[in-house]
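Undergrad: When we follow the working numbering, the leftmost residue of the sequence shown carries the number 4, and every step to the right adds one.
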Amino acid sequence: MDALAIGGAGSVDGPEVLAARMDALVLDLTIFPRALPQATEALSAWTSRVGETGTALHIIRNGRDFQKARADNKLGVVIACQDASILGPSVISYSDQNLENLRTMHASGLRLLQLTHNERTAAGDSFIEPHDGGLSLLGARVVEEMGRLGGLIDLSHCSDRTTLEAIGLANGPIAITHAGCRALNSSLRNKTDEAIRALADKGGFFGVFMMSRWLTDRDTSSVEDVVDHIDHVVKIGGVEVAGFGSDQPAMGDNSPQASKVARLEDYQVRNLGRPGAEPLHGHVTCADMDGPDRMTVLAQALARRGYPASDIDKIVGGNFVRIFSEATRSI
């Protein structure tokens, strides 16, 4: 399964994804701005979508739902959002309004929440901030409450300090769904070995993404670059922590790499010299993984690299299902 794909309720076709041999994915709400009204509307859209007659989608609320979705030949969807700003404007510390908003969204199906996207939020600092203030008081409460409710906190875009503090505070599994390894590529968008070790010690999950711009500085990229980073995660944290999160549309995006580069040029110019705006080297994603069959492409590459079938099963979905099931065991 893909531990982080993007697109709203209308962006995914269950039968087509199932035909590509992917039976579940984490799907970001993909709303702009990432704010409370938009998130509420997007969650309502999911409720309507799965209620349609003949739909081939099943909302995953706990570990048992993965089996239910497979039994019904439906695509399992874990609903996520990449920004804690959806919890509403930050309020004074003794108010529970932000946490009440989290409870409401959790009841509507939200099961994975990233504390920050590319900018600082009331929950903590992102990787792009020049001064790393780490996890905020609100962020600490969100980590604790999501754990109590039964869900996962995502730290993929968080700063080093926010990442380590959230992992240390968590009482159960926690996730980095889509990132790379800084030991292989120095971008601050990637995670340190210290973070990988801490995540593994907490029984967490690390999904390597296919955003080749942060995987390699070469002029070409492929699934082999993804496997290089998975190799490193396994070396540092063990195979039980490793997985994959594309950070791409659920149905894939086969547009030419030149078009993807062009779409990012304005961002590169506006953020020149800042983390995340490193040179693109002519590519943005691993082109051989741009289709909905990316999990098959990855499994084949892992086999070529010498991984046994049991470990491949863990990396392409088993590890995420296990830690998600543990995080939601009380539901």
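C-beta: ideal position from N, C-alpha, C; glycine also.
#1: Can the beta-carbon of Leu141 be found less than 8 Å from the beta-carbon of Ala126?
#2: I need the straight-line Cα distance from Leu138 to Ala198, nearest angstrom please.
#3: Using the DSSP secondary-structure output, state which residues sit across from Cys84 in a beta bridge.
#4: My parser needs the beta strand (DSSP E) runs of 3 or more residues fully inside the stretch 126-190; what are they?
#5: Am I right that Asp49 and Gly112 are in contact with their C-beta atoms under 8 Å? What's the rounded C-beta distance?
#6: Which of the three DSSP states, helix, strand or coil, is assigned to Pro18?
#7: Within 10 angstroms of its Cβ, does Tyr310 collect 16 or more other Cβ (buried), or is it exposed?
#8: Please classify Asp269 as buried or exposed, where buried requires at least 16 neighbouring CB atoms within 10 angstroms.
#9: Taking His61 as part of the beta strand (DSSP E), name the residues at either end of that continuous run.
#10: Considering only their Cβ atoms, is the gap separating Ile89 from Arg52 smaller than 8 Å?
#11: Kindly list the residues whose CB is nearer than 8 Å to the CB of Val230, restricted to its own chain and excluding five residues on each side of it in sequence; keep chain order.
#12: Could you have a look at Gly79 and say whether DSSP puts it in helix, strand or coil?
#13: Please look up how many angstroms separate the CB atoms of Glu243 and Lys317, rounded, as I've assumed it's under 8 Å.
#14: Taking all protein chains shown into account, do 16 or more other C-beta atoms lie within 10 angstroms of the C-beta of Arg67, making it buried, or fewer, making it exposed?
#15: Who does Leu275 pair with in a DSSP beta bridge?
#16: Does the stretch 145-163 come close enough to the stretch 172-179 to have 3 or more Cβ pairs within less than 8 Å?
#17: With DSSP as the reference, identify every bridge partner of Val94, one or two as the case may be.
#18: How close, in whole Å, do the beta carbons of Thr299 and Gln251 come, if the pair is a contact with beta carbons under 8 Å?
#19: Helix, strand or coil for Pro40 per DSSP?
#20: Pick from Gly320, Ala45, Arg200, Gly54: whose alpha carbon is nearest that of Cys84?
#21: For Ala245, does the three-state DSSP call read helix, strand or coil?
#22: Buried or exposed: where does Leu275 fall if 16 or more other Cβ atoms within 10 Å of its Cβ makes it buried?
#23: With a CB to CB cut of under 6 Å and the five nearest residues on each side skipped, what residues in its chain are close to Asp296?
#24: If I'm right that Met254 touches Asp16 with Cβ under 8 Å, what's the distance once you round it to whole angstroms?
#25: Looking only at DSSP bridge pairs, what is Thr251 linked to?
#26: What do you get for Arg1, buried or exposed, if any count of 16 or more other CB atoms within 10 angstroms of its CB means buried?
#27: Residue range of the alpha helix (DSSP H) that Phe323 falls in?
TA: Short version:
#1: Numbered from 1 along the sequence shown, position 138 holds the residue referred to as residue 141. Numbered from 1 along the sequence shown, position 123 holds the residue referred to as residue 126. Contact: yes.
#2: Against the sequence shown, residue 138 aligns to sequence position 135. Against the sequence shown, residue 198 aligns to sequence position 195. Each residue's Cα considered, the two are about 15 Å apart.
#3: Start at 1 with the first residue of the sequence shown, and residue 84 comes out as number 81. Bridge partners of Cys84: Leu116.
#4: With a minimum length of 3 residues, the continuous beta strand (DSSP E) runs that stay inside the stretch 126-190 are 155-157, 178-182.
#5: The residue given as residue 49 occupies position 46 in the sequence shown. The residue given as residue 112 occupies position 109 in the sequence shown. The question names Asp, but residue 49 is Trp in the sequence shown. Their Cβ separation, rounded to whole angstroms, is 6 Å, which keeps Trp49 and Gly112 in contact under 8 Å.
#6: Counting from one through the sequence shown, the residue named residue 18 turns up at place 15. Here Pro18 sits in helix by DSSP.
#7: By 1-based counting over the sequence shown, the position of residue 310 is 307. Label assigned to Tyr310: buried.
#8: The residue you call residue 269 lines up with position 266 of the sequence shown. Flag for Asp269 reads exposed.
#9: Here residue 61 corresponds to residue number 58 of the sequence shown, with the count starting at 1. Start and end: 60-62.
#10: Taking the sequence shown and counting its residues from 1, one reaches residue 52 at position 49. Taking the sequence shown and counting its residues from 1, one reaches residue 89 at position 86. Taking 8 Å as the Cβ cut-off, Arg52 and Ile89 do not qualify as a contacting pair.
#11: Looking up residue 230 in the sequence shown gives position 227. Beyond the five residues adjoining it in sequence on each side, Val230 comes within less than 8 Å, by CB distance, of Leu301, Ala304, Leu305, Arg308 in the same chain, given in chain order.
#12: Taking the sequence shown and counting its residues from 1, the one referred to as residue 79 is at position 76. It is a strand residue.
#13: Along the sequence shown, read from residue 1 onward, the residue named residue 243 stands at position 240. Along the sequence shown, read from residue 1 onward, the residue named residue 317 stands at position 314. Indeed they touch by this definition, with Cβ atoms about 7 Å apart.
#14: Working through the sequence shown from its first residue, we reach residue 67 at position 64. By the C-beta density criterion, Arg67 is exposed, having fewer than 16 other C-beta atoms within 10 angstroms.
#15: Reading the sequence shown from its first residue, position 272 is the one you call residue 275. None; Leu275 has no bridge partner.
#16: Enough Cβ pairs lie closer than 8 Å, so yes.
#17: One-based indexing of the sequence shown puts residue 94 at position 91. Bridge partners of Val94 according to DSSP: none are assigned.
#18: Here the question's residue 299 lines up with position 296 in the sequence shown. Here the question's residue 251 lines up with position 248 in the sequence shown. That belief does not hold up - the Cβ atoms of Thr299 and Gln251 are roughly 15 Å apart, past 8 Å.
#19: Counting from one through the sequence shown, the residue named residue 40 turns up at place 37. Correct three-state label for Pro40: helix.
#20: Sequence index remark: in the sequence shown, residue 84 carries index 81 (1-based). Considering only alpha carbons, the answer is Ala45.
#21: For the purposes of this step, residue 245 is taken as the residue at position 242 of the sequence shown. Strand at Ala245.
#22: The residue you call residue 275 lines up with position 272 of the sequence shown. The residue is exposed, with fewer than 16 neighbouring Cβ atoms inside 10 Å.
#23: Locating residue 296 in the sequence shown gives position 293, where the first residue counts as 1. Within the same chain, and ignoring the five residues on either side of Asp296 in sequence, the residues whose Cβ sits closer than 6 Å to its Cβ are Ala23.
#24: As a working note, residue 254 is residue 251 in the sequence shown. As a working note, residue 16 is residue 13 in the sequence shown. Their Cβ separation, rounded to whole angstroms, is 7 Å, which keeps Met254 and Asp16 in contact under 8 Å.
#25: As a position in the sequence shown, residue 251 is number 248, starting the count at 1. Sequence inspection shows Gln at residue 251; the Thr mentioned does not correspond to that position. DSSP lists Ala8 as the beta-bridge partner residues of Gln251.
#26: Beyond the ends of the chain as shown, which are 4 and 334, falls residue 1; an answer cannot be given.
#27: Against the sequence shown, residue 323 aligns to sequence position 320. Counting along the chain, the alpha helix (DSSP H) containing Phe323 begins and ends at 322-330.
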